[in-house]
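So in my numbering the end of the sequence shown lands on 257, straight run, no missing numbers. Glycine residues also receive a C-beta, built at the ideal position from the N, C-alpha and C atoms. In this text the structure is predicted, and so the values were computed from the model without any measurement. First comes the structure, then the notes that go with it.
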Amino acid sequence: MTRESAFSFSIDQLSKHLERAERILFVTGAGISAESGLPTYRGIGGLYEDRHCNDEVPIEVALSGAMFQQRPEVTWRYILELERTCRGARHNQAHELIARFERHFEVCVLTQNVDGFHRDAGSSDVIEIHGNLKHLQCTRCGHGQEVVNYEHLDRLPPLCDECGGVIRPRVVLFGEWLPEPGVERFRDKLEQGFDLMVSVGTSALFPYIMDPFVAAKSSGTPTVEINPAETDLSSLVDFRLPTIASDALARLWRLIDT
Ligand code: OAD
0 MTRESAFSFS IDQLSKHLER AERILFVTGA GISAESGLPT YRGIGGLYED
50 RHCNDEVPIE VALSGAMFQQ RPEVTWRYIL ELERTCRGAR HNQAHELIAR
100 FERHFEVCVL TQNVDGFHRD AGSSDVIEIH GNLKHLQCTR CGHGQEVVNY
150 EHLDRLPPLC DECGGVIRPR VVLFGEWLPE PGVERFRDKL EQGFDLMVSV
200 GTSALFPYIM DPFVAAKSSG TPTVEINPAE TDLSSLVDFR LPTIASDALA
250 RLWRLIDT
C-alpha cells in the first residue's frame with residue numbers, strides 16, 4: 000500500500016467512527032501552532048535544539064521552578080524570549096477547524112501549548128494543562144492580570160503594582176506540578192469517556208499525554224495521531240495521519256460536513 004492509499008484508507012475508516020461519535024478529545028502540542036509561525040520545542044529549529052541560554056545554563060534549568068525561586072530574572076529572560084516568539088502570531092486554520100468540530104460533536108481540547116490559540120479560535124472547552132502566557136500572577140499577594148503581550152514589562156523580574164512581589168506567568172515550569180484544577184477536569188472528562196481521541200502535533204513525551212491513549216487502546220476507544228513525524232504514540236494509535244495539522248483536520252472536516 001502506498002503512503003497516499005494508506006492515508007485514504009485511514010480516512011475512510013475514520014469516517015465510520017466519526018458517524019457514530021458524540022464526544023471527541025483533541026490533545027494538542029506545539030506542532031498545531033507551527034503553522035502560525037511558532038517554533039516547536041524539539042526537532043530541527045525547535046526551542047530546545049542544542050540551546051543554552053545567555054546565562055550559560057541549559058534551557059530546562061533556566062525554565063525551572065527551582066531557578067525561578069533563586070534567580071527569577073534568569074527564568075524571566077527566557078520566558079520573555081518565548082513570549083516574543085508568540086507576539087503578533089495568531090491562531091491558524093487547524094485551531095479553527097477544531098473549534099468548528101463543536102458544531103457536530105461535544106469536543107474537549109487538552110493542550111500543552113501556552114499560546115492561548117484554541118480559545119482565540121473559539122473552542123469552548125479547553126484545558127491548558129501547561130498554563131497560558133497571557134495570565135500573570137504575583138507570587139506574593141496572588142494578584143492576577145490578563146495581558147495581551149509582555150511589551151509593557153520594563154524590568155526583569157517584573158514586580159507587582161499592589162505589593163512589590165515578583166510576578167510570574169501562570170505556566171508550568173520544569174520541576175513544577177501541573178495545575179490541580181486542570182488535572183482534575185481532565186480526569187473527570189476521561190471518566191465520562193470519549194468516542195474518539197486525536198493527538199495533534201505533539202511528541203507525546205509526558206505520561207499524562209501518553210497514558211490516556213494507552214488506556215484508550217485497552218478500552219477499545221479509537222485513536223488518531225496527526226503528525227508528519229513519527230512519535231512514541233505512532234505505533235499505539237489506530238490511525239496515523241502523517242501530514243500537517245491543517246491538512247489532516249480539513250480532510251476530517253470534509254467527512255462530516257457533507
Ligand atoms: P514538541 O516540540 O516536542 O513536538 C512537536 C511535534 O509537532 C513534533 O512531533 C513535530 O513532528 C510535530 N509537528 C511539527 N509541525 C507540525 C504541523 N504543522 N502539524 C502537525 N504536527 C507538527 O512539542 P510538544 O509535544 O508540544 O512543556 O512538547 C510538549 C511540552 O514539552 C511543551 O508543552 C513544553 C515542552 O517542555 C512545558 O514547557 C511545560
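Margin query: Looking at the secondary structure, which residues open and close the alpha helix (DSSP H) in which F212 lies?
Written below: Position 213 of the sequence shown holds residue 212. Per DSSP, F212 belongs to the alpha helix (DSSP H) from P206 to S218.
Margin query: Just to confirm before moving on: does the CB-CB distance between L235 and V213 stay below 8 Å?
Written below: Position 236 of the sequence shown, counted from the first residue, corresponds to residue 235. Position 214 of the sequence shown, counted from the first residue, corresponds to residue 213. In contact: L235 and V213 (Cβ atoms closer than 8 Å).
Notebook entry, point to check: R118: buried (16+ other C-beta within 10 angstroms of its C-beta) or exposed?
Noted result: What you label residue 118 is simply residue 119 of the sequence shown in a count that begins at 1. It counts as buried.
Item checked: Contact under 8 Å by Cβ, L132 with P168 -> Residue mapping note: residue 132 aligns to position 133 of the sequence shown, counting from 1. Residue mapping note: residue 168 aligns to position 169 of the sequence shown, counting from 1. Cβ distance < 8 Å, so L132 and P168 count as in contact.
Note to self: Let me make sure I understand the geometry here. Which of V26, V146 and K216 has the alpha-carbon closest to that of S202?
What the structure shows: Here residue 202 is taken as the residue at index 203 of the sequence shown, counted from 1. S202 has its Cα closest to that of V26, out of V26, V146 and K216.
Notebook entry, point to check: Within this structure, are the beta carbons of S63 and L172 separated by less than 8 Å?
Noted result: On the sequence shown, position 64 is the one that residue 63 refers to. On the sequence shown, position 173 is the one that residue 172 refers to. Contact: yes.
Check: What do you reckon, are the CB atoms on A93 and G121 nearer than 8 Å?
Finding: As a first step, residue 93 must be located in the sequence shown, where it is residue number 94. As a first step, residue 121 must be located in the sequence shown, where it is residue number 122. G121 is positioned such that its CB atom lies no closer than 8 Å to that of A93.
Check: In whole angstroms, what is the alpha-carbon distance linking R19 and R250?
Finding: The count along the sequence shown starts at 1 and reaches residue 19 at position 20. The count along the sequence shown starts at 1 and reaches residue 250 at position 251. Here the C-alpha atom of R19 lies approximately 18 Å from the C-alpha atom of R250.
Next item on the list: Using the DSSP secondary-structure output, state which residues sit across from G130 in a beta bridge.
Entry: Indexing the sequence shown from 1 puts residue 130 at position 131. Answer by DSSP bridge pairing, in chain order: V170.
Check: Beta-carbon separation of H134 and G143 under 8 Å?
Finding: Residue mapping note: residue 134 aligns to position 135 of the sequence shown, counting from 1. Residue mapping note: residue 143 aligns to position 144 of the sequence shown, counting from 1. Result yes, Cβ atoms of H134 and G143 sit closer than 8 Å.
Notebook entry, point to check: Of the residues Q12, E190 and C140, which one's Cα is nearest the Cα of I166?
Noted result: Translated into the one-based positions of the sequence shown, residue 166 becomes position 167. Out of Q12, E190 and C140, C140 has the C-alpha closest to the C-alpha of I166.
Checklist line | Buried or exposed by the 16-neighbour rule on C-beta atoms within 10 Å, applied to W176 | finding: Position 177 of the sequence shown, counted from the start, is the residue given in the question as residue 176. Exposed, since its Cβ has fewer than 16 Cβ neighbours within 10 Å.
Note to self: If distances are taken between C-alpha atoms only, which option among T138, Y77 and Y149 comes closest to C162?
What the structure shows: Here the question's residue 162 lines up with position 163 in the sequence shown. When only C-alpha atoms are compared, the closest one is T138.
Checklist line | Within the region 35–118, ranges of the beta strand (DSSP E) (whole runs, at least 3 residues) | finding: Within the region 35–118, the complete beta strand (DSSP E) segments at least 3 residues long are 105–110, listed from N- to C-terminus.
Next item on the list: Run the CB neighbour count on R239, radius 10 Å, all protein chains shown included, and call it buried at 16 or more, exposed below.
Entry: Here residue 239 is taken as the residue at index 240 of the sequence shown, counted from 1. By the neighbour-count rule (16 or more Cβ atoms within 10 Å), R239 is buried.
Check: With respect to the alpha helix (DSSP H) encompassing L195, which residues constitute its N-terminal and C-terminal limits?
Finding: For the purposes of this step, residue 195 is taken as the residue at position 196 of the sequence shown. Looking at the DSSP string, L195 is not in any alpha helix (DSSP H); the run it does join, the beta strand (DSSP E), is L195 to V199.
Notebook entry, point to check: Where I23 and I243 are concerned, what is the direct C-alpha to C-alpha distance, given to the nearest angstrom?
Noted result: Your numbering for residue 23 matches position 24 in the sequence shown. Your numbering for residue 243 matches position 244 in the sequence shown. Each residue's Cα considered, the two are about 20 Å apart.
Notebook entry, point to check: Quick one: does the C-beta of Y40 sit closer than 7 Å to a heavy atom of the ligand OAD?
Noted result: Sequence index remark: in the sequence shown, residue 40 carries index 41 (1-based). It does: the Cβ of Y40 is within 7 Å (strictly closer) of some heavy atom of the ligand OAD.
Item checked: Ordered list of beta strand (DSSP E) runs contained in the region 216–246, each at least 3 residues -> The region 216–246 contains these whole beta strand (DSSP E) runs: 222–225 and 238–240.
Next item on the list: With DSSP as the reference, please indicate the residues paired to F6 in a beta bridge.
Entry: What you label residue 6 is simply residue 7 of the sequence shown in a count that begins at 1. Per DSSP, none; premise fails for F6.
Next item on the list: Measure from the alpha carbon of L223 to the alpha carbon of each residue in I10, R2 and R186, then state which is nearest.
Entry: Within the sequence shown, the letter at position 224 stands for residue 223. The residue you asked about is not Leu; residue 223 is Val in the sequence shown. Taking only the C-alpha atoms, the option nearest V223 is I10.
Check: Do you know whose CA, among D210, V170, L158 and P57, lies nearest E127's CA?
Finding: As a working mapping, residue 127 is identified with position 128 in the sequence shown. With distances taken between Cα atoms, E127 lies closest to V170.
Next item on the list: Return yes when the Cβ of S35 is within less than 8 Å of the Cβ of H103, no when it is not.
Entry: In the sequence shown, the residue the question calls residue 103 occupies position 104. In the sequence shown, the residue the question calls residue 35 occupies position 36. No; because the gap between Cβ atoms is not below 8 Å, this pair is not in contact.
Check: Any idea which residues DSSP pairs E145 with across the strands?
Finding: Taking the sequence shown and counting its residues from 1, one reaches residue 145 at position 146. DSSP lists H134 as partners of E145.
Next item on the list: Mind checking which residues open and close the alpha helix (DSSP H) that includes R186?
Entry: For the purposes of this step, residue 186 is taken as the residue at position 187 of the sequence shown. Here the alpha helix (DSSP H) through R186 covers E179 to Q191.
Next item on the list: Measure the C-alpha to C-alpha separation of P241 and E3 and round it to an integer number of angstroms.
Entry: For the purposes of this step, residue 241 is taken as residue 242 along the sequence shown, with counting starting at 1. For the purposes of this step, residue 3 is taken as residue 4 along the sequence shown, with counting starting at 1. Each residue's Cα considered, the two are about 10 Å apart.
Check: Where do the ends of the beta strand (DSSP E) carrying V26 lie?
Finding: As a working mapping, residue 26 is identified with position 27 in the sequence shown. In the DSSP assignment, V26 falls within the unbroken beta strand (DSSP E) covering R22 to T27.
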